[in-house]
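A short worksheet on the structure shown next.
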Amino acid sequence: MNPTRAAVRAGVQRGLTELRNSFTNAQDLWGYVFPTLILLVTIFFMRGATVPGTGFSLGTRTLPSILGMGLAFGGLITLAQQLVVEREDGTLLRAKATPNGMLGYLVGKLTSISTVALVSMVIQLVPALFLVDGLRLTEASAWFTLLWVVVIGLVATLPIGAVIGSLIENPRNLGLVMLPMMGLIALSGIFYPINGYPGWVQAVAQVFPIYWLGLGMRSALLPDNLAAVELGGSWRHLETLGVLGAWAVLGLVLAPVVLRRMARRESGSRVAARRERAMQQAIM
10 MNPTRAAVRA
20 GVQRGLTELR
30 NSFTNAQDLW
40 GYVFPTLILL
50 VTIFFMRGAT
60 VPGTGFSLGT
70 RTLPSILGMG
80 LAFGGLITLA
90 QQLVVEREDG
100 TLLRAKATPN
110 GMLGYLVGKL
120 TSISTVALVS
130 MVIQLVPALF
140 LVDGLRLTEA
150 SAWFTLLWVV
160 VIGLVATLPI
170 GAVIGSLIEN
180 PRNLGLVMLP
190 MMGLIALSGI
200 FYPINGYPGW
210 VQAVAQVFPI
220 YWLGLGMRSA
230 LLPDNLAAVE
240 LGGSWRHLET
250 LGVLGAWAVL
260 GLVLAPVVLR
270 RMARRESGSR
280 VAARRERAMQ
290 QAIM
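Those letters in the sequence shown? Residues 10 to 293, by our numbering.
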């Protein structure tokens, strides 16, 4: 069998094994359920508010936005977290020691994290449907838009997540990524339309994929007349495709280079040094 094909096959099997372990682990399961509880509580308290200038429920508008945010968070942060942790515990070093091991490792992570992102989205969407109405789930066009937004959203964010994880050596430094991520979420119209924000804030929000994933999910699930409250008064599908596509190209170009550089630097002595520093910090 072709070595690359064998590595991809092994990576898929590795990803499926991680999924099986995750879905039978109580702590991981709580990690899937807890965001759903937060979402339901958020929508519940928003049920009486309306989107400015309309009679449409702000809670219903927020639901697809949060689903888009979840995809972005899973792609950008979850993969980065796992890369950092598994570099520290030596998992990446063991992968590097096998032929095409890094390729198999990355394929496994992409398999498991993308599947978890999709499952989490379903877990959040289904119970939320009992609290909101007005979603256009019976239209074929809605499901088609949902499909391409999810696919390109994952392709746009997962490679960037791999780059972030490759650049951070200490798991404790992940907070340096989380803080700006929370800021971007606040600026990206997830919980409230950004039309009233200053122009420079709108411009910053539109550079990053979180805004476009939220917009894309809203375009899939909300009625067409809600596009009037968005920037430009439309769903801007071409712009969504263009910006997310640009992030996908950037990530796919950078990720292999950064991952190879990171893998070359891994050694037993570096893993041991990181473990020693972690133990000293734990003692302190």
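Note that beta-carbon positions come from the ideal geometry of N, C-alpha and C, so glycine has one too.
| field | Backbone CA spacing between residue 45 and residue 219 [nearest angstrom] | value | Numbered from its first residue, the sequence shown carries residue 45 at position 36. Numbered from its first residue, the sequence shown carries residue 219 at position 210. Whole-angstrom Cα-Cα distance: 19 Å.
| Which residues mark the beginning and the end of the alpha helix (DSSP H) in which residue 220 is found? | By 1-based counting over the sequence shown, the position of residue 220 is 211. Unbroken alpha helix (DSSP H) run through residue 220: 218-230.
| task | Specify whether the stretch 52-64 and the stretch 86-98 touch according to this definition: at least 3 beta carbon pairs, one from each stretch, less than 8 Å apart. | result | no
| query | To the nearest angstrom, how far is it from the Cα of residue 123 to the Cα of residue 55? | reply | Reading the sequence shown from its first residue, position 114 is the one you call residue 123. Reading the sequence shown from its first residue, position 46 is the one you call residue 55. Approximately 29 Å between the Cα atoms of the pair.
| So, are the CB atoms of residue 202 and residue 238 less than 8 Å apart? | As a first step, residue 202 is located in the sequence shown; it is residue number 193 there, counting from the start. As a first step, residue 238 is located in the sequence shown; it is residue number 229 there, counting from the start. The answer is yes: Cβ separation under 8 Å.
| Would you call the stretch 133-141 and the stretch 193-208 touching, i.e. three or more CB-CB distances under 8 Å? | no
| What residues match up with residue 66 in a beta bridge as DSSP calls it? | Against the sequence shown, residue 66 aligns to sequence position 57. In the DSSP output, where bridge partners are listed per residue, residue 66 has 59.
| Thinking C-alpha only, which one of 98, 194, 164, 58 is nearest residue 215? | Against the sequence shown, residue 215 aligns to sequence position 206. Considering only alpha carbons, the answer is 194.
| field | Coil, strand or helix - residue 140 by DSSP | value | Translated into the one-based positions of the sequence shown, residue 140 becomes position 131. The answer is coil: DSSP assigns residue 140 none of H, G, I, E or B.
| message | Using CA atoms only, rank isn't needed, just tell me which of 182, 75, 60, 35 is closest to residue 48. | response | By one-based count along the sequence shown, residue 48 stands at place 39. Nearest of 182, 75, 60, 35 to residue 48, Cα basis: 75.
| Which residue from 116, 270, 188, 186 puts its Cα closest to that of residue 20? | Reading the sequence shown from its first residue, position 11 is the one you call residue 20. Of 116, 270, 188, 186, the residue nearest in Cα terms is 116.
| Beta-carbon gap between residue 69 and residue 142 smaller than 8 Å | On the sequence shown, position 60 is the one that residue 69 refers to. On the sequence shown, position 133 is the one that residue 142 refers to. A contact, by the Cβ cut-off of 8 Å.
| query | Among the residues of its own chain, which have a CB less than 8 Å from the CB of residue 91, if the five just before and after it don't count? | reply | The residue you call residue 91 lines up with position 82 of the sequence shown. So the qualifying residues of the chain are 118, 122, 174.
| Inter-stretch contact (C-beta, 8 Å, three-pair minimum) for the stretch 241-253 and the stretch 100-109 | no
| query | Mapping DSSP to helix, strand and coil, what is residue 203? | reply | As a working note, residue 203 is residue 194 in the sequence shown. Residue 203: coil per DSSP, three-state reduction.
| request: My understanding is that residue 52 touches residue 140, with C-beta atoms under 8 Å, so please give their C-beta distance in whole angstroms. | output: For the purposes of this step, residue 52 is identified with residue 43 of the sequence shown, where counting begins at 1. For the purposes of this step, residue 140 is identified with residue 131 of the sequence shown, where counting begins at 1. Correct: roughly 5 Å between the Cβ atoms.
| request: Hey, could you find the ends of the alpha helix (DSSP H) residue 209 is sitting in? | output: Here residue 209 corresponds to residue number 200 of the sequence shown, with the count starting at 1. 208-214 is the span of the alpha helix (DSSP H), which, as asked, contains residue 209.
| Starting from residue 161 and walking both ways along the alpha helix (DSSP H), at which residues does that stretch end? | As a first step, residue 161 is located in the sequence shown; it is residue number 152 there, counting from the start. Where residue 161 is concerned, the enclosing alpha helix (DSSP H) stretches over 149-176.
| Distance, Cα to Cα, residue 225 vs residue 154? | Here residue 225 refers to the residue found at position 216 of the sequence shown. Here residue 154 refers to the residue found at position 145 of the sequence shown. Taking the straight line from one Cα to the other gives about 8 Å.
| Between which two residues does the alpha helix (DSSP H) harbouring residue 181 extend? | If you number the sequence shown from 1, residue 181 lands on position 172. It is not in any alpha helix (DSSP H) - residue 181 carries neither H nor E in the DSSP assignment.
| Exposed unless 16 or more other CB atoms sit within 10 angstroms - verdict on residue 79 | For the purposes of this step, residue 79 is taken as the residue at position 70 of the sequence shown. With 16 or more Cβ atoms within 10 Å of its Cβ, residue 79 is classed as buried.
| said: Going by DSSP, what residue range makes up the alpha helix (DSSP H) through residue 249? | reply: Counting from 1 along the sequence shown, the entry for residue 249 is found at position 240. Unbroken alpha helix (DSSP H) run through residue 249: 246-274.
| request: Please name the residue, chosen from 264, 179, 232, that lies closest to residue 172 on a Cα-to-Cα basis. | output: Along the sequence shown, one-based indexing puts residue 172 at 163. Checked all of 264, 179, 232; the closest Cα to residue 172 is 264.
| Using the C-alpha atoms, what's the distance from residue 242 back to residue 148? | Here residue 148 corresponds to residue number 139 of the sequence shown, with the count starting at 1. Here residue 242 corresponds to residue number 233 of the sequence shown, with the count starting at 1. Cα to Cα, residue 148 sits roughly 22 Å from residue 242.
| The alpha helix (DSSP H) enclosing residue 30, as first and last residue numbers | Translated into the one-based positions of the sequence shown, residue 30 becomes position 21. 12-32 is the extent of the alpha helix (DSSP H) around residue 30.
| By Cβ distance below 6 Å, which residues in the same chain neighbour residue 260 in space, the five residues on each side in sequence not counted? | Position 251 of the sequence shown, counted from the start, is the residue given in the question as residue 260. 168, 169.
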